[in-house]
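There are 2 protein chains.
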Amino acid sequence: MAGVPLQSLVNGQQADHISIHDRGFQYGDGCFETIRVLANNPILWQQHLSRLKRACRILSLEVDFDLLNKELSLLLEINQSPDVILKIIITRGEGGRGYAPDSISSCTHVLQLSDYQVPDVRKAAKVILCQHGLSANTMLAGIKHLNRLDQVLASKEVPDDFDEGLCLDQQGNIVEGCKSNLMLCIDDEFITPDLSSCGVEGVMLKQLIKSYAVKGYTVARKKINLKQLQMADELFLCNSVFGVWPIAEIYNADFELYWKSDRVEGQYTCAAIDWANEIFRANN
Amino acid sequence: MAGVPLQSLVNGQQADHISIHDRGFQYGDGCFETIRVLANNPILWQQHLSRLKRACRILSLEVDFDLLNKELSLLLEINQSPDVILKIIITRGEGGRGYAPDSISSCTHVLQLSDYQVPDVRKAAKVILCQHGLSANTMLAGIKHLNRLDQVLASKEVPDDFDEGLCLDQQGNIVEGCKSNLMLCIDDEFITPDLSSCGVEGVMLKQLIKSYAVKGYTVARKKINLKQLQMADELFLCNSVFGVWPIAEIYNADFELYWKSDRVEGQYTCAAIDWANEIFRANN
């Protein structure tokens, strides 16, 4: 998500370097969050923090969250930009014998602010089906860990005039976008792809599922194959940076049109756009 | 593999820091090799280089290998230790928009020398079955990329008085050790687990398969479940740092004895030990 780097703190100190012995660099041994910050308010902060804590629990990273909070306040004090992206990276720090970590490790905190051109989501997205499939692992699924080669290789397939790539699992089911989650509406049923073996549990996705529930709609989590994707009436992407982004067209890897919306902003997508805008407005 | 850090070069300069914006740190966007260096000779160098080149090709990393070679010579010139571990890390460098890399990226080369207590492989290994399963991805299988959370989490399960952990795939088949490959001998048949969806194609494994072939033995690559593992007559681990390490005992995660050798150094294991020793001796 990060664009032009602005300020950054490494363990509370203004710095932009890290030891080559850090396990984040050596093994991708850590996790992260990417958060939109409007008028110095990190949007959906509690939800991001909750997901970060879950990732740290799964990876057994012992983080001093009070200290992290203080470092974040320090960074936001020196921030001058009204609309900026915050990335928080937590690693297991240095030490250990090869892959095996020390039993007591001192985590590294990296906090980065970056300029980021939020895409204009009023223009519906042009999307491509990526050929690089996501790695399957029920023990790592859902969390935002630092092993992101899949997203890098899938993103490499997205041409400049496309807005996002859609990623499949090893069986050819659709999972998510490279940097977003996917919501489908088929015959007035809401579905989001099953994330039990790969994919990231999006903070915005979770928020939207709650909003639909308030209106009496359930969002089913299912394995979705490409045939089912083609049957969708409405499709949209979501994440906590851009909110909700309707999909206009999906192309396959040979650039053949695979799916085209006949109601780009259908009623259910419009509702989600309103909710996402409400979340961003509430903090501005 | 790395132990106490000695010298290191970052892009040819003596340094031990890297930018937080490096894609190796941000996403694990890169690959590596771990090589034993005896009397300043990197053992099985051509084989390591060949695997490194393959990983770079798969990840589309454009590396100047002549430059890398020069940097390696520079590092070995300042090395004083007769037996040391060399780790070469290649990342896609900085830049790009989020996950999407720049079309022209300048790779980062990190070369590290570390002290390493090579285990005494004359004492057969005590091994545990790890519960953390390896991620499956046919597109990344075999190469030594920087996404190593699986190995970290599996290694965390290996108690101090154990020598290695064995890793399963998502279906419960045995794949490899946390830091080594596995060879089985069942009824005079040689088998090494199939690595087409996860695991690392070991340089020493490949070398041993060649040596068996010279003697007229074929090593089959098969999916091996836990029942088949229990039927093994001889089992050994191999990698390019310690060579060949016979397995004495395997325990499950509840520390119950799962497999025990009645011929720790059977004839086929002994042959492999000889070949590995020959490789190390030839460079000393």
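From first to last, the protein sequence lines stand for chains A and B.
Under our numbering, the letters of the first sequence match residues 1 to 284, in that order.
Under our numbering, the letters of the second sequence match residues 285 to 568, in that order.
We put the beta carbon where it would ideally sit given N, CA and C, even for glycine.
Keep in mind that this is a model prediction, so the values were computed, not measured.
- Proximity below 8 Å, CB of E136 of chain A to CB of S180 of chain A: According to the sequence displayed, residue 136 of chain A carries Ala and not Glu. With respect to S180 of chain A, A136 of chain A sits apart: the two C-beta atoms are not nearer than 8 Å.
- Are there 16 or more other CB atoms within 10 angstroms of the CB of A556 of chain B, so buried, or fewer, so exposed? Buried, by the Cβ-count rule.
- Message: Pop quiz: I570 of chain B and L336 of chain B are said to be a contact at Cβ under 8 Å. What is the actual Cβ separation, rounded to whole angstroms?
- Response: Chain B is shown from 285 up to 568; residue 570 of chain B falls before or after that span and cannot be answered.
- Task: Ignoring anything shorter than 3 residues or poking outside the region 25-110 of chain A, list the beta strand (DSSP E) runs there in chain order.
- Result: Runs of the beta strand (DSSP E) inside the region 25-110 of chain A: 30-38, 83-91.
- So, helix, strand or coil for Y212 of chain A, using DSSP? Shown here, Y212 of chain A sits in a helix according to DSSP, grouped into three states.
- Item | Helix, strand or coil at C185 of chain A according to DSSP, with G and I counted as helix | The answer is strand: DSSP assigns C185 of chain A an E or B state.
- Task: Determine the chain B residues that contact D148 of chain A at a beta-carbon separation under 8 Å, and present them in chain order.
- Result: First, the amino acid is wrong: residue 148 of chain A is Arg here, not Asp. Within chain B, the residues near R148 of chain A are Q310, Y311, G312, D313, Y383, N431.
- Task: Would you mind stating whether V241 of chain A and T34 of chain A have Cβ atoms separated by less than 8 Å?
- Result: Yes, Cβ-Cβ distance for V241 of chain A and T34 of chain A is below 8 Å.
- Strand pairing of S303 of chain B, partner residues [DSSP]: S303 of chain B is bridged to A:H17.
- Item | Among B:P289, B:L492, B:L359, nearest to D558 of chain B - alpha-carbon criterion | D558 of chain B has its Cα closest to that of B:L492, out of B:P289, B:L492, B:L359.
- Quick one: is C270 of chain A near chain B, going by C-beta distance under 8 Å? Chain B, which has no Cβ nearer than 8 Å to the Cβ of C270 of chain A, makes this no.
- Could you tell me the distance, in whole angstroms, from the CA atom of L351 of chain B to the CA atom of C391 of chain B? One alpha carbon belongs to L351 of chain B, the other to C391 of chain B, and they sit about 11 Å apart.
- Task: State the Cα-Cα distance for the pair G302 of chain B and S81 of chain A, rounded to the nearest angstrom.
- Result: First, the residue type needs correcting, since residue 302 of chain B is Ile and not Gly in the sequence shown. Here the alpha carbon of I302 of chain B sits roughly 26 Å from the alpha carbon of S81 of chain A.
- Item | Cβ-based contacts, 8 Å cut-off: residues of the region 328-346 of chain B near chain A | Of all residues in the region 328-346 of chain B, L343, S344 have a Cβ within less than 8 Å of some Cβ in chain A.
- Is the beta carbon of K285 of chain A sitting closer than 8 Å to the one on D83 of chain A? Any property of residue 285 of chain A remains undetermined from this structure, which presents chain A solely from 1 to 284.
- Item | S464 of chain B (DSSP reduced to helix, strand or coil) | Reduced to three states, the DSSP call for S464 of chain B is coil.
- C-alpha gap between L322 of chain B and G199 of chain A, whole angstroms: If I take the Cα positions, the gap works out to 43 Å.
- Item | Three CB pairs or more closer than 8 Å across the region 112-119 of chain A and the region 140-160 of chain A | Taking 8 Å as the limit for Cβ pairs, the verdict is that the region 140-160 of chain A does not touch the region 112-119 of chain A.
- Task: Classify N509 of chain B as buried or exposed, calling it buried when 16 or more other Cβ atoms lie within 10 Å of its own Cβ.
- Result: Looking at its Cβ environment, which holds fewer than 16 other Cβ atoms inside 10 Å, N509 of chain B is exposed.
- With DSSP as the reference, label T553 of chain B as helix, strand or coil. The three-state reading of DSSP puts T553 of chain B in helix, counting H, G and I together.
- In chain order, what residues of the same chain lie with their CB nearer than 6 Å to the CB of I412 of chain B, ignoring the 5 residues before and after it? Cβ within range, chain order: V442, F446, G449, Y535.
- Query: Exposed or buried, N173 of chain A, counting other C-beta atoms within 10 Å across all chains shown (16 or more means buried)?
  - Reply: Buried: at least 16 other Cβ atoms inside 10 Å.
- Message: Between which two residues does the beta strand (DSSP E) holding A125 of chain A run?
- Response: Taken as a continuous stretch (DSSP letters only), the beta strand (DSSP E) holding A125 of chain A covers 125-129.
- Query: Quick one: is A15 of chain A buried, meaning 16 or more other Cβ sit within 10 Å of its Cβ, or exposed?
  - Reply: Counting of Cβ neighbours within 10 angstroms places A15 of chain A among the exposed residues, the total staying below 16.
- Query: Residue range of the beta strand (DSSP E) that A253 of chain A falls in?
  - Reply: A253 of chain A: not part of any beta strand (DSSP E); DSSP gives it neither H nor E.
- Query: From B:C414, B:L452, B:P477, pick the residue whose C-alpha is nearest to that of E540 of chain B; which is it?
  - Reply: E540 of chain B has its Cα closest to that of B:C414, out of B:C414, B:L452, B:P477.
- Mind checking the region 411-424 of chain B against chain A and listing, in chain order, the residues whose C-beta falls within less than 8 Å of any C-beta there? Using a CB distance below 8 Å, the part of the region 411-424 of chain B facing chain A consists of H416, G417, L418, S419, A420, N421, T422, M423, L424, ordered along the chain.
- Query: What residues from the region 434-458 of chain B come within 8 Å of chain A, judged by C-beta to C-beta, listed N to C?
  - Reply: Hits within the stretch, in order: D434, Q435, V436, L437, A438, S439, K440, V442, Q454.
- Message: Does chain B have any CB closer than 8 Å to the CB of K179 of chain A?
- Response: Put simply, the CB of K179 of chain A is near chain B, with a gap under 8 Å to one of its CB atoms.
- L229 of chain A versus A:L113, A:V219, A:V175, A:K206, residue with shortest Cα-Cα distance: Measuring from the Cα of L229 of chain A, the nearest candidate turns out to be A:V175.
- Task: Have a look at B:Y311, B:V294, B:D313 and flag the residue whose alpha-carbon is nearest the alpha-carbon of I20 of chain A.
- Result: Distance check between I20 of chain A and each of B:Y311, B:V294, B:D313 places B:V294 closest, using alpha-carbon atoms only.
- Message: Here's a check: name, in chain order, each residue in its chain whose Cβ is nearer than 7 Å to the Cβ of N324 of chain B, leaving out the five neighbours to either side.
- Response: Excluding sequence positions up to five before and after N324 of chain B, its CB lies within less than 7 Å of the CB of L360, N363, all in the same chain and listed in chain order.
- Query: Is it the case that the Cβ atoms of Y212 of chain A and F236 of chain A are separated by a distance below 8 Å?
  - Reply: Taking a C-beta distance under 8 Å as the contact criterion, Y212 of chain A and F236 of chain A do not qualify as a contact pair.
- Query: Within this structure, are the beta carbons of G202 of chain A and N147 of chain A separated by less than 8 Å?
  - Reply: Going by C-beta atoms, G202 of chain A is not nearer than 8 Å to N147 of chain A.
- CA-CA distance, K544 of chain B and E518 of chain B? Spanning the two alpha carbons is a distance of roughly 10 Å.
- Could you give the distance in angstroms between the alpha-carbon of S114 of chain A and the alpha-carbon of L290 of chain B? Rounded to the nearest angstrom, the two C-alpha atoms are 34 Å apart.
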